[in-house]
Amino acid sequence: MPLKNRWFVFFVVLASALFAADLMTFSDLTPENRQKAADIYDRECYACHRWNREFAGPAMKGNVARYLDRPDSLWQYLKDPKPIHPDKYRPMEIGKLSDSEASLMVAWLFSLVRDSTAKDRPR
């Protein structure tokens, strides 16, 4: 492998590791952090998304499940959301999340997909 490609691979791996480390800060979601995430969801997502069913937008559970093997993609999406199905749903009116808010939301949303009995799961 040429040296140029090795540096690229190194930086991609390093960036992924740093991102994973950032997500790990919220892996132990405290009740306070869970509430913060639920508040962000209520403020930014709930107007159009329901957890298990289509509403003004697609079901959030299905949206999140698509990202389970690529949390960095969900994190990036939450930082600068763009409609995925503009032909089917009206444009989103959501603010860009900060790095820490996006990390918190990824951790919280993934926890909800993995635990269907979570008491803070949106309706």
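Per mature numbering (1 follows the signal peptide of the UniProt record, and there is no 0): the sequence shown = residues -20 to -1, 1 to 103. Positions of the beta carbon are idealized from the N, C-alpha and C atoms, including for glycine. Everything numeric in this text was worked out from a predicted model, so none of it was measured.
Straight-line gap, residue i to residue j (C-alpha atoms, nearest Å)
i     : j      : result
Trp88 : Leu9   : 7 Å
Asn13 : Arg30  : 21 Å
Thr97 : Leu54  : 23 Å
Pro63 : Asp19  : 22 Å
Arg23 : Pro61  : 15 Å
Gly42 : Asp79  : 23 Å
Pro51 : Arg103 : 23 Å
Unbroken alpha helix (DSSP H) run spanning residue i, endpoints
i     : result
Ile64 : It is not in any alpha helix (DSSP H) - Ile64 carries neither H nor E in the DSSP assignment.
Ala27 : Here Ala27 belongs to no alpha helix (DSSP H), and DSSP marks it neither H nor E.
Per-residue DSSP class, three states only, for residue i
i      : result
Lys76  : coil
Pro102 : coil
Val35  : For the sequence presented, residue 35 should be read as Phe rather than Val. Of the three classes helix, strand and coil, the one that applies to Phe35 here is coil, per DSSP.
Ser83  : helix
Leu92  : helix
Pro71  : coil
Tyr57  : helix
Residue nearest to residue i in terms of C-alpha spacing, selected from the options
i     : options                    : result
Tyr21 : Glu81, Lys99, Arg94        : Glu81
Ile74 : Lys16, Pro11, Ala18, Cys28 : Cys28
Gln56 : Met85, Pro102, Met40       : Met85
task = State whether the segment 37 to 52 contacts the segment 81 to 95, with contact taken as three or more CB pairs (one from each stretch) at a distance under 8 Å.
result = yes
request  = Inspect the CB distances between the segment 31 to 41 and the segment 53 to 71 and report whether three or more fall short of 8 Å.
outcome  = yes
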